[in-house]
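Written below as structure tokens is the structure these notes are about.
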Amino acid sequence: MSVLRKPIDLNSLVSSYKDLPVEIFEGILNFFDFTMRYEEIDQISNFISNIYVEDRYFGYFYVGYKIPQIDKEFDLLRFGENYILNVEIKSILKEEDAREQLVQNKYYLSSLGRKLKLFTYISEDNSFYQLDDDETFNPVDFAVFEKLLVSQKIEHHPNLDTLFDPSDYLVSPFNDSERFRKGSYFLTKQQQQFKNEILKGSSRFIILEGLPGTGKTLLLYDLAKELSETQEIVIIHTGELNVGHLILHQEYNWSIIPIKEVKEIEQLNPKFIFVDETQRMYPWQLKYLIEYIQKNDISGIFSIDPKQILSLRERNYNNLDRLKSLENRELFKLSKKIRTNKELGAFIKGLFNLENMKYCNNTENISIHYFGDINQARGFAEGLEREGWQIIDYTGQNFNGQAIQRMKLNRGLNAHNVLGQEFDKVLVLVGSTFYYNDQNSIAVRNANYYDPERMFYQSVTRARKQIMLLVVNNPEFMSKLINAVNKKRSS
């Protein structure tokens with residue numbers, strides 16, 4: 018079922034379905050921008066036929082609500098000042114699956130600071146279950162729900178989306194190492210599906226492909242965590258290790274090595290090799306790993322995003338094609354962005370091609386400032402860093418790197434340091450080397466080793482909640498960007 022953002026009376030929903038012509042009922046669903054299988058309405062009808070309360074208590078239910086970005090869905094929700102009611106509707110009972118779903122619901126709803134009353138209805142045998150405080154799953158009489166329904170002090174919410182901050186549920190193995198190790202997170206439906214298929218499968222090479230924010234790294238590390246309980250594993254990070262890596266290595270004894278030490282795997286003797294940011298690996302390093310995996314009859318799991326490169330030469334590596342050419346391999350393509358909220362995602366798309374700014378409907382979490390002098394920008398950035406903004410700087414190069422040097426804020430982390438990480442508030446500088454070409458796509462002048470455009474892309478896609486751009490000594494770029502943003506706002 019798709020999300021219904023307005024509360025509805027369950028009697029009204031069932032009556033409309035049973036009493037009105039099909040085309041009229043479909044029109045009502047269309048009016049609510051809502052789709053639902055008739056089988057699901059039948060199950061809801063069966064459920065409420067067991068509830069003996071006054072008709073007025075069947076109102077204010079949200080049907081099929083999904084938390085933005087992560088697509089966590091709830092069948093029936095009713096909000097109250099004293100507690101929240103949740104009922105999941107199932108055709109048949111798979112007890113452990115049903116219990117696990119309510120445990121997940123408890124995790125997501127707990128952020129609202131209300132007591133939770135969580136139930137599952139099974140239409141096949143007309144049975145009813147409750148998740149108790151100790152997370153046991155037990156049969157319960159419908160009368161328990163009736164009392165809760167009558168006693169609930171209804172709480173009205175014009176927009177449920179404002180109650181849930183998706184970033185509260187998005188865990189990074191690096192930035193939230195403790196939560197990750199404790200398992201204080203859940204995978205999305207797509208991530209869980211891929212995980213199940215990988216664990217049940219027997220492919221020698223697994224490829225996790227996806228754009229920034231689709232959850233490649235979390236899925237990779239979640240698989241590593243589970244397999245490490247019974248197998249020897251090694252994680253290879255294509256770059257310098259960050260603080261999160263060091264915590265996982267030192268406190269939890271994970272074998273994590275940077276790509277430059279790849280041949281250490283010969284001493285570690287793993288059964289599974291996990292590789293993050295495979296797109297940045299030298300082709301000879303990938304060739305070595307492939308041959309090692311084949312020779313030793315072990316498995317390799319590679320996460321990759323061909324667009325997340327940082328130097329010009331990496332454009333020609335074609336590591337994804339090399340992996341796809343292997344026998345006994347399986348590709349899993351993550352398609353749903355879960356880290357970056359939709360507004361930031363739309364702005365980033367418009368930022369890299371102004372023609373796409375028409376899809377950016379909200380710039381509330383976007384800030385753009387202009388400075389004519391780099392020193393003024395550095396002073397401004399210093400103040401913002403103290404306020405919790407994560408500055409992501411350009412990585413300098415030793416030879417012929419004057420263009421990049423003129424754009425450096427000289428603080429924070431650089432583009433290479435933040436691979437796989439995420440931050441609530443990200444600040445990035447746009448220097449004079451950037452411009453918009455004839456197709457209104459972002460481009461750079463004078464790139465010769467590291468790629469400023471790709472480093473910029475890497476940096477802005479690390480943001481979860483807010484982006485701040487400091488445009489320095491580039492009035493043409495500022496003019497085109499501001500005009501595109503304002504044109505959308507005035508349309």
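Counting in the numbering used here, the sequence shown runs from 18 upward without gaps.
Cβ coordinates follow ideal geometry from the N, Cα and C atoms, glycine included.
Computed from a predicted model, the values in this text were never measured in an experiment.
Cβ shell of Asp410 (< 8 angstroms), same chain only, five flanking positions each side left out:
Taking the first residue of the sequence shown as 1, we reach residue 410 at position 393. Excluding sequence neighbours, Asp410 sits near Lys425, Leu426, Asn427, Arg428, Gly429, Leu430, Asn431, Ala432, Leu446.
In three-state DSSP terms, what is Gln118?
Here residue 118 refers to the residue found at position 101 when the sequence shown is read from its first residue. Gln118 falls in the helix class under three-state DSSP.
Can you list, in chain order, the residues of its chain whose CB lies under 6 angstroms from that of Leu235, leaving out five sequence neighbours each side?
Your numbering for residue 235 matches position 218 in the sequence shown. If we look at Leu235 and ignore the five residues flanking it on each side, it has no Cβ neighbours.
Gln456, buried or exposed, once every other Cβ within 10 Å from all chains shown has been counted against 16:
Within the sequence shown, residue 456 is the residue found at index 439, counting from 1. It counts as exposed.
Which term fits Tyr269, buried or exposed, when burial requires 16 or more other beta carbons within 10 angstroms of its beta carbon?
The sequence position of residue 269 within the sequence shown is 252, counting from 1. The residue is exposed, with fewer than 16 neighbouring Cβ atoms inside 10 Å.
Starting from Met472, follow the alpha helix (DSSP H) in both directions and report where the run begins and ends.
As a first step, residue 472 must be located in the sequence shown, where it is residue number 455. Counting along the chain, the alpha helix (DSSP H) containing Met472 begins and ends at 469-477.
Between Ile101 and the rest of its own chain, which residues show a CB-CB distance below 8 angstroms, the 5 nearest in sequence each way excluded?
Taking the sequence shown and counting its residues from 1, one reaches residue 101 at position 84. Excluding sequence neighbours, Ile101 sits near Leu94, Arg95, Leu126, Leu129, Arg131, Lys132, Leu133, Lys134.
Using the beta-carbon count (16 or more within 10 Å), is Tyr82 buried or exposed?
Numbered from 1 along the sequence shown, position 65 holds the residue referred to as residue 82. Answer is buried; the Cβ neighbour count reaches 16.
For the alpha helix (DSSP H) containing Gly200, list its first residue and its last residue.
The count along the sequence shown starts at 1 and reaches residue 200 at position 183. Segment: none, Gly200 is in no alpha helix (DSSP H) and carries neither H nor E.
Candidates Asn491, Lys312, Glu278, Lys233: which alpha carbon is nearest Pro190's?
Here residue 190 refers to the residue found at position 173 when the sequence shown is read from its first residue. The shortest Cα separation from Pro190 among Asn491, Lys312, Glu278, Lys233 belongs to Lys233.
Anyone know if the C-beta pair for Ile252 and Phe291 falls short of 8 angstroms?
On the sequence shown, residue 252 is found 235 positions in, with the first residue counted as 1. On the sequence shown, residue 291 is found 274 positions in, with the first residue counted as 1. Yes, the pair counts as a contact, with Cβ atoms nearer than the cut-off.
Reduced DSSP category for Phe191 - H, G, I as helix; E, B as strand; rest coil
For the purposes of this step, residue 191 is taken as the residue at position 174 of the sequence shown. Phe191 falls in the coil class under three-state DSSP.
For Ser184, which residues of its own chain have a beta-carbon under 7 angstroms away from its beta-carbon, when the five flanking residues on both sides are left out?
Numbered from 1 along the sequence shown, position 167 holds the residue referred to as residue 184. Closer than 7 angstroms at the Cβ level, and outside the excluded window around Ser184, lie Asp441, Arg481, Lys482.
On the three-pair Cβ rule with 8 angstroms, is the segment 40-55 touching the segment 139-158?
no
Look up Lys277 in the DSSP assignment and say whether it is helix, strand or coil.
The sequence position of residue 277 within the sequence shown is 260, counting from 1. Lys277 falls in the helix class under three-state DSSP.
Put Glu402 into one of helix, strand or coil per three-state DSSP.
If you number the sequence shown from 1, residue 402 lands on position 385. Helix, per DSSP.
Is Thr153 helix, strand or coil when you go by DSSP?
Stepping through the sequence shown from its first residue, residue 153 is reached at position 136. It is coil, neither helix nor strand.
Which word fits Lys304, buried or exposed, when buried means at least 16 other C-beta atoms lie within 10 angstroms of its C-beta?
Reading the sequence shown from its first residue, position 287 is the one you call residue 304. Lys304 comes out exposed.
Return the Cβ separation of Ile459 and Glu470 in integer angstroms, given the expectation that the two are a contact with Cβ distance under 8 angstroms.
Working through the sequence shown from its first residue, we reach residue 459 at position 442. Working through the sequence shown from its first residue, we reach residue 470 at position 453. Yes, Ile459 and Glu470 are in contact; Cβ-Cβ is about 6 angstroms, under 8 angstroms.
Backbone secondary structure at Leu235 - three-state DSSP
One-based indexing of the sequence shown puts residue 235 at position 218. If DSSP states are grouped into helix, strand and coil, Leu235 belongs with the helices.
Just grab the DSSP bridge partners of Gly227 for me.
The residue you call residue 227 lines up with position 210 of the sequence shown. Bridge partners of Gly227: Leu351.
Spatial neighbours of Gly97 within its chain, please: C-beta separation below 8 angstroms, excluding the five flanking residues on both sides.
As a working note, residue 97 is residue 80 in the sequence shown. Same-chain partners within the cutoff: Arg131, Gln169, Lys170, Ile171, Glu172.
Bridge partners of Ile484, per DSSP?
Indexing the sequence shown from 1 puts residue 484 at position 467. In DSSP, Ile484 forms a bridge with Ile383, Val443.
At least 3 beta-carbon pairs within less than 8 angstroms: the segment 363-372 vs the segment 461-479
yes
Can you check DSSP and say which residues form a bridge with Arg95?
Indexing the sequence shown from 1 puts residue 95 at position 78. Leu102.
CA-CA distance, Asn213 and Ser219?
Along the sequence shown, read from residue 1 onward, the residue named residue 213 stands at position 196. Along the sequence shown, read from residue 1 onward, the residue named residue 219 stands at position 202. Each residue's alpha carbon lies about 12 angstroms from the other.
Quick check on the DSSP output: what are the complete beta strand (DSSP E) runs of length 3 or more inside the segment 266-336, in order along the chain?
273-275, 289-293, 316-321
Nearest-angstrom Cβ-Cβ length linking Ile87 and Phe159, presumed shorter than 8 angstroms
Residue mapping note: residue 87 aligns to position 70 of the sequence shown, counting from 1. Residue mapping note: residue 159 aligns to position 142 of the sequence shown, counting from 1. At roughly 31 angstroms, the Cβ-Cβ gap does not stay under 8 angstroms, so Ile87 and Phe159 are not in contact.
From Val104, Arg423, Asn345, Arg339, residue whose alpha carbon lies closest to that of Glu163
Position 146 of the sequence shown, counted from the start, is the residue given in the question as residue 163. When each option's Cα is compared against that of Glu163, the closest is Val104.
Quick test of the definition: if touching needs 3 or more C-beta pairs under 8 angstroms, does the segment 200-214 touch the segment 107-114?
no
Give the secondary structure of Lys217 by DSSP, where H, G and I count as helix, E and B as strand, and everything else as coil.
Taking the first residue of the sequence shown as 1, we reach residue 217 at position 200. It is helical.
Can you list, in chain order, the residues of its chain with a C-beta nearer than 8 angstroms to that of Ile65? Leave out the 5 residues immediately preceding and following it.
Start at 1 with the first residue of the sequence shown, and residue 65 comes out as number 48. Within the same chain, Ile65 has close Cβ partners Leu27, Asn28, Val31, Phe75.
Can you tell me whether Gly362 is buried or exposed? The criterion is at least 16 other CB atoms within 10 Å of its CB, across all chains shown.
By one-based count along the sequence shown, residue 362 stands at place 345. Burial call: buried.
Rounded to the nearest angstrom, what separates Phe136 and Leu148 at their Cα positions?
Taking the sequence shown and counting its residues from 1, one reaches residue 136 at position 119. Taking the sequence shown and counting its residues from 1, one reaches residue 148 at position 131. When rounded, the distance between both Cα atoms is 6 angstroms.
Around the Cβ of His174, are there at least 16 other Cβ atoms within 10 angstroms (buried) or fewer (exposed)?
Indexing the sequence shown from 1 puts residue 174 at position 157. The residue is exposed, with fewer than 16 neighbouring Cβ atoms inside 10 Å.
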